[in-house]
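Enquirer: Quick note on numbering: this note's numbering labels position 74 of the sequence shown as 83, and the sequence is numbered without any gaps. Right, I'll just put the structure down here and ask away after.
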Amino acid sequence: LYPEDAQAKVAQLPKNTDYYQCDVTDAKLCSEIVDKIQAKHGQINVLLNAAGYGVIAPILSSKPVIGMIGKDAEVAEDKAAGFAKILAVNVIGTYNMIRFAAAKMVKNTPYGKYKERGVIVNISSTSSLEGQNGQVMYG
Numbered sequence: 010l011y012p013e014d015a016q017a018k019v020a021q022l023p024k025n026t027d028y029y030q031c032d033v034t035d036a037k038l039c040s041e042i043v044d045k046i047q048a049k050h051g052q053i054n055v056l057l058n059a060a061g062y063g064v065i066a067p068i069l070s071s072k073p074v075i076g077m078i079g080k081d082a083e084v085a086e087d088k089a090a091g092f093a094k095i096l097a098v099n100v101i102g103t104y105n106m107i108r109f110a111a112a113k114m115v116k117n118t119p120y121g122k123y124k125e126r127g128v129i130v131n132i133s134s135t136s137s138l139e140g141q142n143g144q145v146m147y148g
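If you want it as structure tokens, here you go:
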């Protein structure tokens, strides 16, 4: 979401709901956001990881030949930088937020039937369930 869209959505939620935007690839910023949230609310009960990044790009290209067969495929332009960003946001960013939030949650007083100290929810793309054309790096 764009910040202005997110703020409008948060305004529709319960009073103690906040929205924070953060570059999750930056561990220092992630730590600062978690500290800021805890300072405001006293503790962290829920982390919702929803950051995601994708690149739509083929890893193979083909010569425009009618009746093309596999031997006509060529390696496409290198998209390693895009793939590195996908890993940085989707994997390392998720890890960053989990580790900083979990470090706070373990200090919470256990609550509920199962004596929980917090809940972490990670949202992923449906591309992880079904491949999509041009998204081999993403899904």
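For glycine and all other residues, C-beta sits at the position ideal for the given N, C-alpha and C. Computed from a predicted structure; not experimentally measured.
What does the alpha-carbon distance come out to for the pair A111 and P119?
Expert: Against the sequence shown, residue 111 aligns to sequence position 102. Against the sequence shown, residue 119 aligns to sequence position 110. In a straight line, the C-alpha of A111 is about 13 Å away from that of P119.
Enquirer: Nearest CA to the CA of N99: which residue from V128, M114 and S136?
Expert: Numbered from its first residue, the sequence shown carries residue 99 at position 90. That would be S136, whose Cα lies nearest to the Cα of N99.
Enquirer: Mapping DSSP to helix, strand and coil, what is V98?
Expert: Stepping through the sequence shown from its first residue, residue 98 is reached at position 89. In this structure, V98 counts as helix in the three-state DSSP scheme.
Enquirer: Suppose the cutoff is 8 Å on Cβ atoms and the five residues either side in sequence are ignored; what does the same chain contact list for Y29 look like?
Expert: By one-based count along the sequence shown, residue 29 stands at place 20. Cβ contact annotation for Y29 (same chain, cutoff 8 Å, sequence separation greater than five): I42, K45 and I46, in chain order.
Enquirer: Given a cut-off of 9 Å, decide if M106 and V33 are closer than it, judged by their beta-carbon atoms.
Expert: The sequence position of residue 33 within the sequence shown is 24, counting from 1. The sequence position of residue 106 within the sequence shown is 97, counting from 1. A contact, by the Cβ cut-off of 9 Å.
Enquirer: Counting along the chain, where does the alpha helix (DSSP H) carrying N105 start and finish?
Expert: By 1-based counting over the sequence shown, the position of residue 105 is 96. From DSSP, the alpha helix (DSSP H) with N105 extends over T103 to M114.
Enquirer: Along the chain, where does the beta strand (DSSP E) containing L57 start, and where does it finish?
Expert: Counting from one through the sequence shown, the residue named residue 57 turns up at place 48. For L57, the enclosing beta strand (DSSP E) has its first and last residue at V55 to N58.
Enquirer: Which residues does DSSP list as the beta-bridge partners of N131?
Expert: Position 122 of the sequence shown, counting from 1, holds the residue named residue 131. In DSSP, N131 forms a bridge with N58.
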